[in-house]
Amino acid sequence: MEKRGVSHIEVILAFVLFMGFVGFAIYFFNPLKNPIVGETFSKSAFNEIIKNSSTEVVSYSIKILSDPLPNIVAINISDLGPGMNALAENYDGNRLNAEIENRLVYVQINGNNFIVIKFNAEFVPQTISEHPLLDESFYDIASVNSERLVSKAKILQMNKSYYSDAGYDSLKNSLKIQKEKSFGFRMIFDESYSINAEIADFSKSEVFAYEEKVKVLAQNGEIKFANLIVKTW
12 MEKRGVSHIE VILAFVLFMG FVGFAIYFFN PLKNPIVGET FSKSAFNEII
62 KNSSTEVVSY SIKILSDPLP NIVAINISDL GPGMNALAEN YDGNRLNAEI
112 ENRLVYVQIN GNNFIVIKFN AEFVPQTISE HPLLDESFYD IASVNSERLV
162 SKAKILQMNK SYYSDAGYDS LKNSLKIQKE KSFGFRMIFD ESYSINAEIA
212 DFSKSEVFAY EEKVKVLAQN GEIKFANLIV KTW
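The opening residue of the sequence shown carries number 12 in my numbering; numbering runs sequentially from there.
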């Protein structure tokens with residue numbers, strides 16, 4: 012019995028299938044052609060920007076027990092890290108003067124029997140004229156909370172680095188962006204104000220973007236929402 016040879020049709024079919032597989036592989040692993048991979052790069056860059064620009068704000072809710080209420084109260088925060096600054100508010104969010112001195116926080120409570128003290132290294136430091144003695148019977152720490160926010164100061168520093176050759180390369184490295192890739196970002200607070208880091212000619216590239224709303228901390232303690240858009244190409 013003779014063996015049947017491979018027909019021309021089978022050879023052509025095998026070649027077509029092989030080229031189809033190669034084309035699929037090139038498409039899938041080339042972010043310039045595959046939107047799924049391209050969007051993944053953009054989201055990864057977004058996550059790295061959040062990671063590199065985040066800062067922790069620790070908040071202490073404190074009940075003032077002293078009667079009558081003192082003008083200024085000293086509060087012991089034993090686990091306060093170095094380089095921290097304080098921002099104090101009453102229950103309604105109105106600011107109160109506060110100063111840190113040797114792990115004690117002095118707050119001018121202005122007749123409030125409930126205050127919140129927030130700690131972060133980026134807050135603007137304050138001073139208070141009087142430093143009364145510590146009396147821990149004057150207050151009770153009701154709760155302690157921690158929240159990570161995007162630092163506006165760090166985003167502005169990234170924005171500054173973006174526009175210099177050495178800074179851009181260093182920024183790409185810290186954000187784990189491949190050398191052959193490019194990126195940009197924009198933080199939009201409202202129609203009149205945004206932080207832009209984007210210099211590119213998109214005419215020969217396919218651009219992928221990822222966007223999320225984030226909470227942003229300013230040095231004055233204000234917290235605002237902004238849309239962070241990260242583009243890669």
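Virtual Cβ for every residue (Gly too), placed ideally from N, Cα, C.
From a predicted model like this one, the values you see are computed outputs, not experimental measurements.
From residue i to residue j, what does the alpha carbon distance come to, in whole angstroms?
i    : j    : result
S193 : S53  : 10 Å
L145 : V84  : 8 Å
S77  : I126 : 13 Å
Y179 : K242 : 15 Å
I139 : N82  : 11 Å
S154 : I120 : 18 Å
I206 : K226 : 14 Å
Helix, strand or coil: how does DSSP classify residue i here?
i    : result
E133 : coil
N58  : helix
S185 : helix
S216 : coil
S193 : coil
Y221 : strand
E141 : coil
A85  : strand
When burial is assigned at 16 or more other CB atoms within 10 Å of the CB, is residue i buried or exposed?
i    : result
F134 : buried
K1   : This structure cannot speak to residue 1, because the chain is shown only from 12 to 244.
I60  : buried
L43  : Because L43 carries a pLDDT of 49, less than 50, the predicted location of this residue cannot be relied on, and the following value inherits that uncertainty. Exposed.
G94  : exposed
F236 : exposed
Using DSSP bridges, identify the partner residues of residue i.
i    : result
M198 : I206 and L239
Q168 : Q168 pairs with nothing; no bridge assigned.
- Message: Count Cβ pairs between the stretch 104-118 and the stretch 189-203 that sit closer than 8 Å; are there 3 or more?
- Response: The stretch 104-118 is not in contact with the stretch 189-203.
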